[in-house]
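Have a look at the structure below before the remarks.
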Amino acid sequence: MTTEAASAERKGPNMFKLIMRFGPLIFLLLLMIVFALMNPNFLNPVNLFNVMRQISITGLIALGMTFVILTAGIDLSVGSLLAFCGMVAAVVAKGGVTSSLAAAGGQAGFGWFAALLAALIVGAACGAIQGLAVTRLKVPPFVVTLGGLTIWRGLTLTISGGGPVSGFDATMRWFGTGLIGPVPVPVIIFAIAAIICHMVLRYTRFGRAVYAVGGNAEAARLSGVRVDRVLVSVYVIVGFFCGLAAFVLSARLNSAEAVAGIGYELTVISAVVIGGTSLFGGIGSIAGTVIGAALIGVLVNGLVLNNVSSYTQQVVIGLILILAVAFDRWLKTRARG
Amino acid sequence: MTSGTATAAQIPAHTAAQPGPATPLLAIEGLTKRFGAVTALENVSLSLRKGEVLGLMGENGAGKSTLLKILSGVQPPTEGRILIDGAPVTITSPQHAQSLGIITIYQELSLIPTLSVAENIFIGRAPIGRLGLVDWGRMRREAREIIARVGLRIDPQTVVSALSVAEQQMVEIARALSLSSRIIIMDEPTSALSETEVARLLSIMARLREEGVAIMFVTHRLEEASGICDRMTVLRDGRLAGHLERGDGPIPIPAIIENMVGRAASELYARPAERATPGPVRLEVRGLRTTPNPEAPHAIVLDGVDLDLRGGEILGVAGLVGSGRTELARAIFGADPVAAGTLTLDGTEIRPASPADAIALGIGLVPEDRKHQAIFAALGILSNFSIAALDAYARFGGLMDEKRERADLAEYKRMLNIRMADADQTIDGLSGGNQQKVILARWLARDPKVLIVDEPTRGVDVGAKAEVHQILVQLAARGIAIMVISSELPEILAVSDRIVTMREGRITGELPAREASEAKLMALMALGEKGQ
Numbered sequence: 001m002t003t004e005a006a007s008a009e010r011k012g013p014n015m016f017k018l019i020m021r022f023g024p025l026i027f028l029l030l031l032m033i034v035f036a037l038m039n040p041n042f043l044n045p046v047n048l049f050n051v052m053r054q055i056s057i058t059g060l061i062a063l064g065m066t067f068v069i070l071t072a073g074i075d076l077s078v079g080s081l082l083a084f085c086g087m088v089a090a091v092v093a094k095g096g097v098t099s100s101l102a103a104a105g106g107q108a109g110f111g112w113f114a115a116l117l118a119a120l121i122v123g124a125a126c127g128a129i130q131g132l133a134v135t136r137l138k139v140p141p142f143v144v145t146l147g148g149l150t151i152w153r154g155l156t157l158t159i160s161g162g163g164p165v166s167g168f169d170a171t172m173r174w175f176g177t178g179l180i181g182p183v184p185v186p187v188i189i190f191a192i193a194a195i196i197c198h199m200v201l202r203y204t205r206f207g208r209a210v211y212a213v214g215g216n217a218e219a220a221r222l223s224g225v226r227v228d229r230v231l232v233s234v235y236v237i238v239g240f241f242c243g244l245a246a247f248v249l250s251a252r253l254n255s256a257e258a259v260a261g262i263g264y265e266l267t268v269i270s271a272v273v274i275g276g277t278s279l280f281g282g283i284g285s286i287a288g289t290v291i292g293a294a295l296i297g298v299l300v301n302g303l304v305l306n307n308v309s310s311y312t313q314q315v316v317i318g319l320i321l322i323l324a325v326a327f328d329r330w331l332k333t334r335a336r337g
Numbered sequence: 001m002t003s004g005t006a007t008a009a010q011i012p013a014h015t016a017a018q019p020g021p022a023t024p025l026l027a028i029e030g031l032t033k034r035f036g037a038v039t040a041l042e043n044v045s046l047s048l049r050k051g052e053v054l055g056l057m058g059e060n061g062a063g064k065s066t067l068l069k070i071l072s073g074v075q076p077p078t079e080g081r082i083l084i085d086g087a088p089v090t091i092t093s094p095q096h097a098q099s100l101g102i103i104t105i106y107q108e109l110s111l112i113p114t115l116s117v118a119e120n121i122f123i124g125r126a127p128i129g130r131l132g133l134v135d136w137g138r139m140r141r142e143a144r145e146i147i148a149r150v151g152l153r154i155d156p157q158t159v160v161s162a163l164s165v166a167e168q169q170m171v172e173i174a175r176a177l178s179l180s181s182r183i184i185i186m187d188e189p190t191s192a193l194s195e196t197e198v199a200r201l202l203s204i205m206a207r208l209r210e211e212g213v214a215i216m217f218v219t220h221r222l223e224e225a226s227g228i229c230d231r232m233t234v235l236r237d238g239r240l241a242g243h244l245e246r247g248d249g250p251i252p253i254p255a256i257i258e259n260m261v262g263r264a265a266s267e268l269y270a271r272p273a274e275r276a277t278p279g280p281v282r283l284e285v286r287g288l289r290t291t292p293n294p295e296a297p298h299a300i301v302l303d304g305v306d307l308d309l310r311g312g313e314i315l316g317v318a319g320l321v322g323s324g325r326t327e328l329a330r331a332i333f334g335a336d337p338v339a340a341g342t343l344t345l346d347g348t349e350i351r352p353a354s355p356a357d358a359i360a361l362g363i364g365l366v367p368e369d370r371k372h373q374a375i376f377a378a379l380g381i382l383s384n385f386s387i388a389a390l391d392a393y394a395r396f397g398g399l400m401d402e403k404r405e406r407a408d409l410a411e412y413k414r415m416l417n418i419r420m421a422d423a424d425q426t427i428d429g430l431s432g433g434n435q436q437k438v439i440l441a442r443w444l445a446r447d448p449k450v451l452i453v454d455e456p457t458r459g460v461d462v463g464a465k466a467e468v469h470q471i472l473v474q475l476a477a478r479g480i481a482i483m484v485i486s487s488e489l490p491e492i493l494a495v496s497d498r499i500v501t502m503r504e505g506r507i508t509g510e511l512p513a514r515e516a517s518e519a520k521l522m523a524l525m526a527l528g529e530k531g532q
C-alpha cells in the first residue's frame, strides 16, 4: 500500500495517520531502547535470538489467530489444541505412550515426518470441527472454542494418562533446538509462516474474503462471498498452526506435556490485539501480529533481565495490552477528526 | 407555500407568552435545516393542538424525518423556532424532548428486546422500595395499569422480543403515556402492521385524542391518514406544500395526493432522453412465493409474483414500505429462501440458493441499506470494488491481479465520475453518492445480465442523484435488464421504461412509464386498485 502515504500527503500532512500505521512498531522500538539502556545484555544477539525463539511458538498460533479475529471470531481453544496436537505428534513419533529410553532414537515409532503430519492434520481437523460448529450450529465462536478448550485438554489427558511423552530422535529435536547459521530453526519456521500468511491475506482472493467477512458479513454474503466456507477455513488455519507450533514445541522440549500451552490463548490473543487487529473484525494485519508477538516477547525478556518477578510481569503485560489498545483507539479518533 | 388547498393553519403570534385557549400545544415557526449545501427543510411552520391528530404527509425526501429529528432533539435546526404552550424552547437532546412532554415513536422501535414489558416502561426510573431496591411488585402493578390504557392485555413480565411488532408499538405508546407525554409523534407506525392491528392502533389514537393528547402522525398510507387525521400538513422538497383540514367528512385522498406531488417533474428527475429499445425477456418470474421466515419475522411474504425483465429496459418497482418490493429483490437474488415459483434467466430455469449462486448466474443486487448490506466501511475502495468479482480477478493460486483491478477501477472512476483520492482510501470517507457509484462499479465489474437496484439514491446527495439515474440508463443501454426499486416516485418515473406497483407481497398494477403519473402510482400502491 505504497499509495497510502502519498494520499495522506495530498490531503495535507497527517502525522497521526502515519503514527497510526506504525503505532505498534514505534511502541516496540521505544520499549527496546528503554531495555537496552537499562541493561546492555539486552541487545546481545544471543539474547535477541532467544527472545525470537520464545515468541515463535505463540507467534505461530497468533498468525492463525489473526485470520480468526479478522472475521470477528475468536479461538480460546488454542492452548489445549496445542497440547493435544503435541501429544499426538509425540505418540506417533514414539509409536506409543512411552518415555522409555529404548524408544529414544525413534526405531519403535514412525519418525518425525509422520509426527509432523499427524500434528498438522489433527490440528486442522479439530479446527474444522469448531468452524462447523460455529457455522452450522450457529453457536458463537467464543462458546464453541471455550468448549474446545476443555475438550482438547481432556482428550490430551486421556491419551497420555496425564504424564509426558518424551525422548525424540535428533532430527525431530532439530526443529526445536537446531540453528541455521546463528538463527534458531523455530524462528525460521515462524518467519516463513508469517511471510506466507502475509501474502495470503494481502494478495489472495481468500485474504480479501477474510477481511470482507469480518468487515461486514451481510455485505460479504450479498457480494457472493461464501461466508460459511471462509469461517470454517479460518478455524482450520488456526488449528493447523496449533499443530505446527505443537510439533516445534515438543521438539524443543524433547517432550510432549499434557499440561502444555495452558493460558496460551491469552498470550496469543494479546499479541494479535496489540498488533492492531480489531476484535470486531475487518481490520488488522500479519505484520501487526508479528510486532505484537515481538512486543510481548521483548517485554517479558526485558523484565526478566531486570529481575522483575514473574508475578509482576503478568501485571505489566496486562497493563501494556490495555494501553496498546487505548493508544490505538486514541490515534484512530485523532486520525479521523 | 404554493398550493395550500384548504384553510391554512393560523400560526399564533410568537409574542404570546401566556398560553391561552387558542395557543397550540406545539408550534413550529420558519424551521430551516441545512446540511452543508443541501437544504433538507426550508421555512416550515406548523402547529399541533391539544386533542388532535395532525398528519405530517410527504414523499420520501420531503423533509419529514428531518422535522422529526429536530422535534425529538436529535438535531438542532439551522433557523427557526419551536414553541411549546407559546413559549420558545431549544430542544437539546431526546431526553430533553421527553422532559418537555414530546415523545417520538420511531419505525425502528426503541425498546430493549431482552427486557420485560414492565422494565421497558420503567427504564431508567424503576420504582424504588424501602431498602433502595427496585420495587418489582409496584413496577408490575403500575405497568399493568399503563398497558391497559392502550388496550393491551399481556403480562407485564413478558419479554419484549416475544411480542409482535404491533404489541411492541403499544408498549411504546404506553410508555409515552406513563411519561405523561402530551405530544406523541408517530413515525410510520402502521408500516409493519396487519390490517386488524392497524385498526386497533387507530382506535387507540382516537382514544388518546379524547384524553387531550396531541398526536403527530407520519405515514405514507393515505387511507389511514385520511380516516384519523383532523388536520394535515404536507411537505414537499423540504417546503410546506399545504395545510388540509377535516370538514364534514375525512380529508379527501385526491387532495392529499395533489398536495404531495403537485409539481411538474423537476429538473433533478428529468427523464434522460435517449432510450434503447427493450430487447427480449431476460428474466422471467412466475408465481414467486415465500413463506414466513423465523429469522426475519418482519419480512413481507411474497404472494405469487409474476414479472418480466427485458434486456435494455429499466423496470421500476413502486410500493410502500412493507409492500414486499425488497423481499422480491432478495428472493430473486437468492438471499432469502423461495417457497414456490420459477425464475427463468435467458430461457433457462434457475434456482439460486444463495447470492453467490445468483451472482455466478449473472444477477447483481445493489441493496437498499448501503451501510449494513453493501459497503465494507473499514476497507479500501479497491477491496469494496472487486469483492463481487474476486474470481474474475484471481489468477493461479488465488493471487489477485491487482494491476488489472486497479486499472478497471480507474476506468469506472472515469466512467461513473467517482470522486475519490485513491483506490486505497477507506470507502467511508466518500460521500453517499460516490459510495453508491463504487457499489455500482462492483456489479459492472461482473458484467451482469440482470441488475436489481434497491433504492438507488437513498442517502445520496441531490446533485449525485441525477448522475446515478444517468448511469442506470447507460447500463440498460448496454443490454442489462435493470430493476429499480424506489420509494421515491419521481425517481421511479424518471428512470423507468415500465413500472409495476406492489402491495402486500403482490403486484397490483403495471403501467408504461409514459402513461404513469405519481397520482396513478400512488393510487395503485396505497389502495391496491388494479390499474388500467
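Top to bottom, those sequences are chains Z and H. Going by full-length UniProt numbering, the residue at position 98 of the first sequence is 98; the numbering climbs one at a time, nothing skipped. Going by full-length UniProt numbering, the residue at position 308 of the second sequence is 308; the numbering climbs one at a time, nothing skipped. Every residue gets a Cβ at the ideal spot worked out from N, C-alpha and C, and that includes glycine. Note that the coordinates shown come from a computational prediction; the quantities given were computed from them, not determined experimentally.
Ala114/Z is not a Cβ neighbour of Ala246/Z, given a cutoff of 7 Å. DSSP, read as helix, strand or coil, puts Met420/H in coil.
Against chain H, a Cβ distance below 8 Å from Leu222/Z picks out Phe333, Ala335, Pro355, Leu365, Pro367, Gln373, Ala374.
DSSP lists Gly55/H, Met186/H as the bridge partner or partners of Phe217/H.
By the rule that beta-carbons nearer than 7 Å mark a contact, Met483/H does not touch chain Z. Asp454/H is bridged by DSSP to Ile485/H.
Contact check between the segment 156-165 of chain H and the segment 117-124 of chain H: three or more CB pairs, one atom from each, fall below 8 Å, which counts as touching. Of the candidates Leu299/Z, Val183/Z, Phe280/Z, the residue whose Cα lies closest to the Cα of Arg329/Z is Phe280/Z.
DSSP places Gly261/Z outside both helix and strand once states are collapsed to three, so it counts as coil. Of all C-beta pairs linking the segment 216-224 of chain H to the segment 46-63 of chain H, three or more are shorter than 8 Å, placing the two stretches in contact. The DSSP-derived three-state label of Asn43/H is strand. Under the Cβ criterion of 7 Å, Thr204/Z is counted among the residues facing chain H. At a C-beta separation below 7 Å, Gly398/H has these neighbours in chain Z: Thr204, Arg205, Phe206. The C-beta of Arg136/Z comes no closer than 7 Å to any C-beta of chain H. In this structure, DSSP gives Asp391/H a helical state, which the three-state scheme calls helix.
Our two residues, Leu244/H and Asp454/H, have alpha carbons roughly 33 Å apart in a direct line.
The C-alpha of Ile480/H is placed about 10 Å away from the C-alpha of Gly279/H. With a cutoff of 7 Å on beta-carbon distance, Leu365/H and Ile452/H are scored as near each other. For Asp408/H, the secondary structure class from DSSP, reduced to helix, strand or coil, is helix.
Selection Asn39/Z, Met199/Z, Phe49/Z evaluated against Ile180/Z yields Phe49/Z as nearest (Cα-Cα). It is roughly 49 Å from the alpha-carbon of Ala36/Z to the alpha-carbon of Val438/H.
A Cβ-Cβ distance of about 17 Å is found for the pair Asp237/H and Leu68/H, leaving them out of contact under the 8 Å criterion.
Contact check between the segment 61-69 of chain Z and the segment 231-246 of chain Z: three or more CB pairs, one atom from each, fall below 8 Å, which counts as touching.
With fewer than 16 other Cβ atoms from the protein chains shown falling within 10 Å of its own Cβ, Asn41/Z counts as exposed.
Note on geometry: alpha-carbon atoms of Gly316/H and Gly227/H lie some 30 Å from one another.
Only exposed fits Gln95/H, as fewer than 16 other CB atoms lie within 10 angstroms of its CB. Gly163/Z has its alpha-carbon roughly 16 Å from the corresponding atom of Gly95/Z. Counting along the chain, the unbroken beta strand (DSSP E) around Met502/H starts and ends at 498-503. Val473/H sits in a helix when the DSSP states are folded into three classes. For Val281/H, the enclosing beta strand (DSSP E) covers residues 281-289. Neighbourhood of Ser161/H in chain Z, by CB distance below 9 Å: empty, with the nearest CB roughly 17 Å away. The C-beta distance from Pro24/Z to Gly276/Z rounds to 6 Å, short enough to meet the 8 Å contact threshold. Under the DSSP assignment, His96/H falls in the alpha helix (DSSP H) whose first and last residues are 94-99. For His198/Z, the enclosing alpha helix (DSSP H) begins and ends at 185-203. Distance between Ile363/H and Val234/H, taken at the CA atoms: about 39 Å. Interface flag for Gly302/Z against chain H is unset, since no Cβ pair is found closer than 7 Å.
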